[in-house]
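With the first letter of the sequence shown counted as 1, position 472 gets the number 472 in the UniProt record's numbering; the numbers rise by one all the way through.
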Amino acid sequence: MMSLPVVGGEAMFVIEVQQLERYPVDLYYLVDVSASMQDNLDRLKTAGLALSHQMKEHSSDFRVGFGSFVDKPVSPYIDPSRVSRAADYEVHCRPAHGFIHVLPVTQNMTEFTRVIQEQRISGNMDTPEGGFDAMLQAAVCQKDIGWRPEAKHLLLVMTDQPSHLALDSKLAGIVVPHDGRCHLEDNIYSQTTTMEHPTIAQLAEKLLENSVYSIFAVDQVQYQWYEVISLANMSLGVSSYRNQSKLLSDVEVQIGLEDAQAQRFRVNVTAFCPNGSTVSGSTKCSSVFFKVTVGMSWCPAEDGDQDVLMSVRPVGFNESVTVRIRQICGCGCTETGRCHDDPDPSPCPAETAVCRADRSEPVCSRRGTCKCGTCVCDSSRLGNVYGKFCEMDDFSCPYVKDLVCGGHGQCVSGECVCLPGWTGETCDCPVSTESCVSDDGLICSGWGKCVCGKCVCDDSRRSGALCEKCPICDSSCQSHCSEMLHTLYSYFEYFKYTSIV
């Protein structure tokens with residue numbers, strides 16, 4: 001256990017996560033055997049063993065297991081009249097099933113090869129499958145699957161369709177919520193027709209609880225659906241069929257705080273990857289250093305110091321680091337015998353020093369008070385005062401039409417930070433040139449530039465909102481001169497043959 005004092009602002013610590021060469025790895029294949037997976041199942045029969053051998057490059061203590069799923073074997077997910085022959089084009093297909101545990105994790109690659117060669121497809125009626133049902137059983141049935149306590153647990157889910165979610169089961173009259181427990185009888189999920197599909201949160205909780213890191217190996221069509229699911233839960237990853245080995249070697253950390261205290265803290269994780277890159281806000285990389293920054297959002301109502309426990313663990317590993325966060329909210333100066341015991345209630349000099357941006361600067365920029373080494377900014381009817389030294393506000397920026405930054409930006413440190421689509425010192429210039437496009441599709445009729453949403457004509461003789469007017473331009477003048485010459489010539493010819501009487 002390590003201790004981390006947090007005073008006012010933020011504190012930081014670094015942990016290193018490195019997968020040892022002989023770190024044991026358990027990989028469990030959970031494969032969708034519905035009819036649409038025929039090609040992928042054939043591919044697994046040829047590539048599954050190769051991937052398993054490739055995994056031995058990451059661990060010399062490697063075991064592999066196998067299970068299959070389709071969907072809940074009840075209408076409307078399947079046709080009850082075709083239980084024994086679920087697929088049209090496969091004579092020897094298997095009946096639909098929620099989850100069948102076929103092979104516990106083993107080092108026997110010959111047995112694993114035999115098992116996947118024997119797999120046959122099944123079928124169901126609708127597009128989504130029952131993958132989440134099977135995943136939860138694979139995570140919580142530790143003894144049946146054979147997960148070793150000391151090993152990294154990887155659950156590789158192969159499918160080509162999305163999964164049913166909680167409440168979908170109501171279509172089949174199944175209304176009992178999933179209890180999150182193991183229900184394997186003779187290696188078959190026994191409650192598939194009596195319990196609902198688990199929720200995403202419930203599934204993620206059980207995966208983390210049992211140190212199981214799952215990877216969805218899907219084709220490109222369903223990649224985005226599973227990517228959205230995985231972004232919401234760090235115990236879930238997603239990969240294409242061709243990139244499974246890379247994802248299997250990734251390391252990801254999970255941060256956990258005591259539930260009752262979690263909202264008081266903000267946590268940011270930056271991954272320093274082996275190739276020298278830095279991924280701020282990322283919790284995933286392979287064999288990396290993770291910089292964890294912890295900050296306090298607020299102190300509890302009761303003044304004083306408090307300890308909060310935080311756990312940091314690599315997802316899929318059965319190891320963790322416990323960090324005791326020492327939340328220092330009480331002020332030492334208020335104790336008897338210290339500065340505030342003096343009739344003069346001025347703060348302690350040592351504490352005000354950390355409330356100055358520079359030694360020559362005033363305490364809290366004269367816009368706040370220093371409390372326990374932290375600036376508490378004054379309130380203002382004009383807007384918010386904020387920043388480590390109360391040096392920022394949201395009202396010192398220029399006003400346009402009685403609005404700060406023209407209503408198109410935010411005031412940060414006295415400067416306008418414009419919203420997307422706006423630019424300029426006061427955020428009054430639209431980036432779009434749409435208002436400058438003339439009927440012929442040209443910017444400013446081809447005679448000017450669009451500046452801040454208005455046309456600035458290149459030729460001073462041109463005018464109009466789109467530079468479309470030019471009463472004295474060459475083309476217009478030539479036209480009028482030509483007409484005048486024609487008129488004069490007509491008069492000349494007329495008077496040439498007319499005598500004056």
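The C-beta atom is built at its ideal place from N, Cα and C for all residues, glycine as well.
According to DSSP, is residue i part of a helix, a strand, or is it coil?
| i | result |
| --- | --- |
| valine 412 | strand |
| valine 175 | coil |
| isoleucine 328 | strand |
| methionine 125 | coil |
| phenylalanine 395 | coil |
| leucine 103 | strand |
| cysteine 377 | strand |
| arginine 366 | helix |
| glycine 131 | helix |
| aspartate 186 | coil |
| glycine 446 | helix |
| tyrosine 226 | helix |
| glycine 65 | strand |
| arginine 266 | strand |
| glutamate 258 | Confidence at glutamate 258 is low in this model, with a pLDDT of 44, below 50, so its placement is unreliable and no value can be given for it. |
| serine 3 | strand |
| glycine 295 | strand |
| isoleucine 116 | helix |
| threonine 426 | coil |
| lysine 454 | strand |
Can residue i be considered in contact with the ligand GDP, in the sense that its beta carbon sits closer than 8 angstroms to one or more heavy atoms?
| i | result |
| --- | --- |
| proline 5 | This structure lacks the ligand GDP; in fact it carries no ligand of any kind. |
Might you give, ordered along the chain, the residues of its own chain that have their beta carbon closer than 8 angstroms to the beta carbon of residue i, omitting 5 neighbours on each side?
| i | result |
| --- | --- |
| tryptophan 422 | Gly406, His408, Gly409, Asp428, Cys429, Pro430, Val431 |
| alanine 138 | Tyr28, Leu30, Gly67, Phe99, His101, Ile145, Leu155, Val212 |
| valine 14 | Phe289, Phe290, Lys291, Val292 |
Quick one: measure Cβ to Cβ for residue i and residue j, integer angstroms, because I've assumed they're closer than 8 angstroms.
| i | j | result |
| --- | --- | --- |
| valine 70 | methionine 158 | Actually they do not touch by this definition, with Cβ atoms about 13 angstroms apart. |
| threonine 433 | cysteine 450 | 4 angstroms |
| lysine 291 | methionine 12 | 6 angstroms |
| glycine 387 | aspartate 394 | Incorrect: roughly 11 angstroms between the Cβ atoms, too far for contact. |
| leucine 41 | glutamine 161 | With a Cβ gap of about 14 angstroms, leucine 41 and glutamine 161 do not count as contacting. |
| valine 64 | tyrosine 29 | 7 angstroms |
| serine 3 | arginine 266 | The pair is not a contact, with the Cβ atoms about 19 angstroms apart (cut-off 8 angstroms). |
| lysine 72 | threonine 192 | 5 angstroms |
| valine 385 | arginine 356 | Contact doesn't hold; Cβ gap of about 16 angstroms is too wide. |
| valine 74 | alanine 201 | The Cβ separation is near 25 angstroms, so there is no contact. |
| glycine 123 | alanine 96 | 7 angstroms |
Closer than 9 angstroms, CB to CB, is residue i near chain D or not?
| i | result |
| --- | --- |
| lysine 170 | Protein chains in the displayed structure number just one, and chain D is not present. |
Measuring alpha carbon to alpha carbon, tell me which residue in the options is nearest residue i.
| i | options | result |
| --- | --- | --- |
| glycine 98 | Arg120, Thr106, Pro76, Glu129 | Glu129 |
| isoleucine 328 | Ala204, Val105, Thr374, Pro95 | Thr374 |
| valine 25 | Leu44, Leu4, Ser34, Asp61 | Asp61 |
| glutamate 361 | Leu309, Gly173, Cys390 | Cys390 |
| aspartate 459 | Cys470, Cys452, Gly146 | Cys470 |
| asparagine 187 | Glu227, Ile229, Cys141 | Cys141 |
| alanine 204 | Gln220, His164, Leu136 | Leu136 |
| residue 510 | Glu185, Pro104, Leu165 | The structure shown has nothing for residue 510, since the chain only spans 1 to 501. |
| arginine 94 | Thr106, Gln38, Pro149, Lys45 | Gln38 |
| lysine 152 | Ser379, Val105, Glu111 | Val105 |
| serine 34 | Thr127, Ser59, Val115, Phe112 | Thr127 |
| arginine 148 | Ala96, Asn210, Pro177, Val323 | Asn210 |
| valine 412 | Ala134, Phe112, Cys397, Ala353 | Cys397 |
| arginine 114 | Pro80, Cys182, Pro177, Lys45 | Lys45 |
| proline 177 | Leu403, Asp133, Leu309 | Asp133 |
| lysine 143 | Met125, Gln107, Leu103 | Leu103 |
For residue i, which residues from the same chain have a beta carbon less than 6 angstroms from its beta carbon, with the 5 sequence-adjacent residues on both sides left out?
| i | result |
| --- | --- |
| serine 169 | Glu196, His197 |
Going by other Cβ atoms of all chains shown within 10 Å of its Cβ, with 16 needed for buried, is residue i buried or exposed?
| i | result |
| --- | --- |
| isoleucine 121 | buried |
| glutamine 117 | exposed |
| serine 214 | buried |
| aspartate 179 | exposed |
| leucine 167 | exposed |
| arginine 461 | exposed |
| cysteine 364 | buried |
| threonine 426 | buried |
| isoleucine 174 | buried |
| valine 228 | exposed |
| isoleucine 78 | buried |
| threonine 194 | exposed |
| cysteine 473 | exposed |
Could you pull out every residue in the same chain whose Cβ sits closer than 7 angstroms to the Cβ of residue i, ignoring the five residues on either side in sequence?
| i | result |
| --- | --- |
| cysteine 455 | Cys436, Cys444, Gly448, Ala465, Leu466, Cys467 |
| lysine 206 | Leu136, Ala139, Val140, Gly180 |
| glutamine 222 | Asp160, Gln161, Pro162 |
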